[in-house]
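Enquirer: A single structure is presented below for examination.
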Amino acid sequence: MPLRTVGGGLDVSTGMLAEARKRQQEQRLTNVTWLEGAAEQLPFPDASFSIVTCRVAPHHFDSVPQFLAEVHRVLRPGGRFLLADTSVPDNKPELNQWQNYVEKLRDPSHARNLEPREWQAALEMAGLQVEKIEEAAPDGAMQLNDWLEKAGCTGATADLVRQEFRQASAEAQREFQIRELPDADFTFVWQRVVAKAVKP
């Protein structure tokens with residue numbers, strides 16, 4: 001008898017769910033259920049999944065510890081959690097504060113990027129065994145104007161973000177590889193963290 005894999009997806013944004021359903025139809029997938037909801041209150045029974053993944057979202061969550069407690073709850077014993085998110089450098093509080101500040105200016109739904117060491121501690125506190133955690137190389141430099149546009153950040157607020165990049169400290173310019181371009185644009189990189197953890 002063939003093994004039937006069933007998946008579930010969750011997002012707080014109806015727009016993102018609509019995009020997910022569209023892609024599901026394009027790929028002719030029939031075994032995925034999409035639900036609207038918050039990561040801190042997953043609408044799934046205990047021990048529902050063998051794998052839980054979360055990509056480029058936790059920096060929007062109100063409570064990462066509560067989210068990870070929910071991940072632990074819905075995983076089966078031996079189940080794995082896979083994480084990828086933007087992060088901030090370890091042990092560099094001024095850079096971390098600046099990065100989170102410009103993120104919040106651009107997108108008020110931003111809560112906080114965590115340091116890799118904070119992710120390690122949070123995963124362990126949730127009862128998950130960390131098999132791997134590391135900084136991942138950026139996909140490439142981002143362009144500031146594109147980044148602002150994706151978040152719908154325009155006008156005076158966008159100008160404030162550009163001013164922050166223009167006046168960034170020498171340390172921030174080095175760490176985030178900030179380069180000014182013509183037309184009031186910049187390129188930069190954000191650090192990413194990837195992790196794999198297992199529920200004992």
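Position one of the sequence shown corresponds to residue 1 (the UniProt record's numbering), numbered consecutively onward. Glycine included, each C-beta is placed from N, C-alpha and C at the ideal position. For clarity, every value in this text was computed on a predicted model and none was experimentally measured.
(1) Enumerate, from N- to C-terminal direction, the unbroken beta strand (DSSP E) stretches of 3 or more residues contained entirely within the region 75-136.
(2) Could you check how far apart the C-beta atoms of Leu128 and Leu68 are, in whole angstroms? I think they sit under 8 Å.
(3) Are the CB atoms of Gln27 and Pro89 nearer to each other than 8 Å?
(4) Let me check understanding here. Comparing Cα to Cα, which of Gly155, Phe165, Trp147 lies closest to Ala98?
(5) Report all residues from its chain with a CB closer than 6 Å to the CB of Leu83; omit the five preceding and five following residues, and keep chain order.
(6) Let me know the secondary structure DSSP gives residue 206 once reduced to three states.
(7) Fully enclosed by the UniProt domain "Methyltransferase type 11" (9-82), which alpha helix (DSSP H) runs are 4 residues long or longer?
(8) Taking the alpha carbon of Leu181 as the point to measure from, which residue in Ser63, Thr154, Met142, Pro93 has its own alpha carbon closest?
(9) State the start and end residues of the unbroken alpha helix (DSSP H) segment that holds Lys199.
(10) What is the C-beta distance between Glu131 and Val198, in whole angstroms, given that I count them as a contact (C-beta under 8 Å)?
(11) What's the gap between the Cα of Asp185 and the Cα of Ala151?
(12) Who are the near neighbours of Leu43 in its chain, counting only those whose CB is closer than 8 Å to its CB and skipping five residues on each side?
(13) Alpha helix (DSSP H) containing Gly140: first to last residue?
(14) Buried or exposed: which applies to Val56, given that a residue is buried once 16 or more other Cβ atoms fall within 10 Å of its Cβ?
(15) Counting C-beta neighbours from all protein chains within 10 Å, is the total for Gly15 16 or more, i.e. buried, or is it exposed?
(16) Could you tell me the distance, in whole angstroms, from the CA atom of Arg21 to the CA atom of Leu114?
Expert: Walking through what the data contain:
(1) 75-86, 129-136
(2) Mapped onto the sequence shown, residue 128 falls at position 128. Mapped onto the sequence shown, residue 68 falls at position 68. Sure, about 7 Å apart at Cβ, within 8 Å.
(3) Numbered from 1 along the sequence shown, position 27 holds the residue referred to as residue 27. Numbered from 1 along the sequence shown, position 89 holds the residue referred to as residue 89. Cβ distance not < 8 Å, so Gln27 and Pro89 don't count as in contact.
(4) Looking up residue 98 in the sequence shown gives position 98. Checking the sequence shown, residue 98 turns out to be Trp, not Ala. It is Phe165.
(5) Sequence index remark: in the sequence shown, residue 83 carries index 83 (1-based). The answer, listed in chain order, is Cys54, Ala195.
(6) Only positions 1 to 200 of the chain appear in this structure, which leaves residue 206 out of reach.
(7) 14-26, 64-74
(8) Within the sequence shown, the letter at position 181 stands for residue 181. Minimum Cα distance to Leu181 is reached at Met142.
(9) Start at 1 with the first residue of the sequence shown, and residue 199 comes out as number 199. Where Lys199 is concerned, there is no enclosing alpha helix (DSSP H), given that its DSSP letter is neither H nor E.
(10) Start at 1 with the first residue of the sequence shown, and residue 131 comes out as number 131. Start at 1 with the first residue of the sequence shown, and residue 198 comes out as number 198. The pair is a contact, with the Cβ atoms about 6 Å apart (cut-off 8 Å).
(11) Here residue 185 is taken as the residue at index 185 of the sequence shown, counted from 1. Here residue 151 is taken as the residue at index 151 of the sequence shown, counted from 1. Those two C-alpha atoms are separated by around 16 Å.
(12) As a position in the sequence shown, residue 43 is number 43, starting the count at 1. In the sequence under discussion, the amino acid at residue 43 is Pro, which differs from the Leu named in the question. Around Pro43: Leu10, Leu35, Gly37.
(13) For the purposes of this step, residue 140 is taken as the residue at position 140 of the sequence shown. Here Gly140 belongs to no alpha helix (DSSP H), and DSSP marks it neither H nor E.
(14) Position 56 of the sequence shown, counted from the first residue, corresponds to residue 56. Exposed is the call here.
(15) What you label residue 15 is simply residue 15 of the sequence shown in a count that begins at 1. Label assigned to Gly15: exposed.
(16) Indexing the sequence shown from 1 puts residue 21 at position 21. Indexing the sequence shown from 1 puts residue 114 at position 114. Answer to the nearest angstrom: the Cα atoms are 30 Å apart.
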